[in-house]
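Note that the sequence shown ends on residue 78 in the numbering used here; no numbers are left out.
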Amino acid sequence: MRELVFEVLLRLVKPILAVIIGLAAWLLAIGPGGAAGSAELGLLCFVFGGMVVLLVGEGPI
């Protein structure tokens with residue numbers, strides 16, 4: 018049972034990191050960037066966070 022919990026936590030790390038990076042990008046976009054906060058901007062920032070996590074984890078080189 019302990020291994021199952023550990024495996025679930027390992028699989029949740031990447032989406033949680035994508036949300037944190039996306040939230041930071043969204044706050045930068047609506048704060049200093051001056052963009053209007055919208056659902057579309059939020060989704061784009063979440064996708065950006067996911068791409069950053071994948072690039073760092075996989076390594077482009």
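No residue lacks a Cβ here, since even glycine has one placed at the ideal position from N, Cα and C.
Just so we're clear, the structure is a prediction, and the values are computed from it rather than from any experiment.
Extent of the continuous alpha helix (DSSP H) run through residue i
i      : result
Pro-32 : 19–47
Gly-66 : 56–75
C-beta atoms of residue i and residue j nearer than 8 Å
i      : j      : result
Ile-47 : Gly-39 : no
Leu-44 : Ala-52 : no
Gly-66 : Ala-42 : yes
Chain-order list of residues whose beta-carbon lies under 7 Å from that of residue i (same chain, five-residue window excluded)
i      : result
Leu-86 : Any question about residue 86 goes unanswered here, given that the chain covers just 18 to 78.
Pro-49 : none
Contact set for residue i: own chain, Cβ-Cβ below 8 Å, skip 5 residues either direction
i      : result
Val-70 : Lys-31, Leu-34, Ala-35 and Ile-38
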